[in-house]
Amino acid sequence: MSPLQLSRLLLRKDVAELERLAGWIEGFTRQGTSPDVSFAVQLCLEEAVANIIMYGGAKDGPLEIAVELERNGTTLVARIEDNGRQFDPTRAPPPAPAASLEEAKVGDLGIHLMRSFASGMDYERCDGRNRLTFRFFEPPEQRR
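Residue numbers are given in this note's numbering: position 104 of the sequence shown equals residue 107, and the series is strictly consecutive.
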């Protein structure tokens, strides 16, 4: 059985932090994660954190964002916690179908993509903080 791996990253409310997030995810998923799961983790976390930075302003004080990655065998769990405005992406309605990609409304696809690429997505509001959890599963034979 593989040992538990855990890493935590604290981010500021700054779009430039997305680059640091991307490098951190890449470093964590470099070994023991398939390219497909690595891509899914990157997409989901970057989308969620970008939304928090752009729309999740904190009521009291600066916006605080903490991201955790945890791997236990073939399961990778990603958690994002922030003190911004309450928003439950698991309750957001699916985007209205567009006739073409050009006609798709900007901003409607991010949550849909997160739902599509993660094996599971849960939200809870606890002690004035948003906590979004993603789960990613992969067969052991696909791990690098």
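Think of the CB as a built atom: it goes at the ideal place given N, C-alpha and C, for glycine as much as any other residue.
As the structure is a computational prediction, the values presented were derived from the model and not from experiment.
> Considering residue 2, what are the terminal residues of the alpha helix (DSSP H) in which it resides?
Replying inline: Because the chain spans 4 through 147 in this model, residue 2 falls outside it and cannot be assessed.
> alpha helix (DSSP H) containing residue 54: first to last residue?
Replying inline: To locate residue 54, count along the sequence shown from 1; it is residue 51. First-last of the alpha helix (DSSP H) with residue 54: 38-58.
> Helix or strand or just coil, what does DSSP make of residue 26?
Replying inline: Counting from 1 along the sequence shown, the entry for residue 26 is found at position 23. In the structure shown, residue 26 sits in a helix (DSSP, three-state: H, G or I).
> Would you call residue 79 buried or exposed, if buried means 16 or more other Cβ atoms sit within 10 Å of its Cβ?
Replying inline: Translated into the one-based positions of the sequence shown, residue 79 becomes position 76. Buried.
>> DSSP three-state label for residue 4, please.
In response: Counted from its first residue, the sequence shown places residue 4 at position 1. Per-residue confidence for residue 4 stands at a pLDDT of 49, beneath the threshold of 50, marking its modelled position as unreliable; the derived number appears in the next sentence. Residue state, collapsed to three classes: coil.
> Should the stretch 122-137 be regarded as contacting the stretch 22-38, the criterion being three or more beta carbon pairs within less than 8 Å?
Replying inline: no
> Where residue 128 and residue 65 are concerned, what is the direct C-alpha to C-alpha distance, given to the nearest angstrom?
Replying inline: Within the sequence shown, residue 128 is the residue found at index 125, counting from 1. Within the sequence shown, residue 65 is the residue found at index 62, counting from 1. Looking at the two C-alpha atoms, the distance is approximately 18 Å.
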